[in-house]
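Numbering (the working numbering), first residue to last: 126 to 203.
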């Protein structure tokens, strides 16, 4: 694939990761409050969602680093 296509796809993935974090964190409390889960189950679910949000941040950083590397290379085929 050429550099322009790679950068466009990386940009789309970065936007997806950026959008996912607020969705995970903004809705977790509401979902869990209506869930009927035990307090222990709610705590585990909340921790899992926070972990997923942290992974999104890590993925976004990795994608941004890949984009910088791609843009910095003279090669146009990846």
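Think of the CB as a built atom: it goes at the ideal place given N, C-alpha and C, for glycine as much as any other residue.
Taking Cβ positions, are residue i and residue j nearer each other than 9 Å?
| i | j | result |
| --- | --- | --- |
| residue 193 | residue 127 | no |
| residue 153 | residue 168 | no |
| residue 150 | residue 188 | no |
| residue 166 | residue 160 | yes |
If you draw a straight line from the alpha carbon of residue i to that of residue j, how long is it in whole angstroms?
| i | j | result |
| --- | --- | --- |
| residue 163 | residue 130 | 47 Å |
| residue 176 | residue 133 | 27 Å |
| residue 199 | residue 173 | 41 Å |
Applying the criterion that 16 or more other CB atoms from any shown protein chain within 10 Å of the CB defines a buried residue, is residue i buried or exposed?
| i | result |
| --- | --- |
| residue 148 | exposed |
| residue 196 | exposed |
In three-state DSSP terms, what is residue i?
| i | result |
| --- | --- |
| residue 201 | coil |
Touch check for the segment 176–184 and the segment 140–154: three-plus C-beta pairs under 8 Å?
yes
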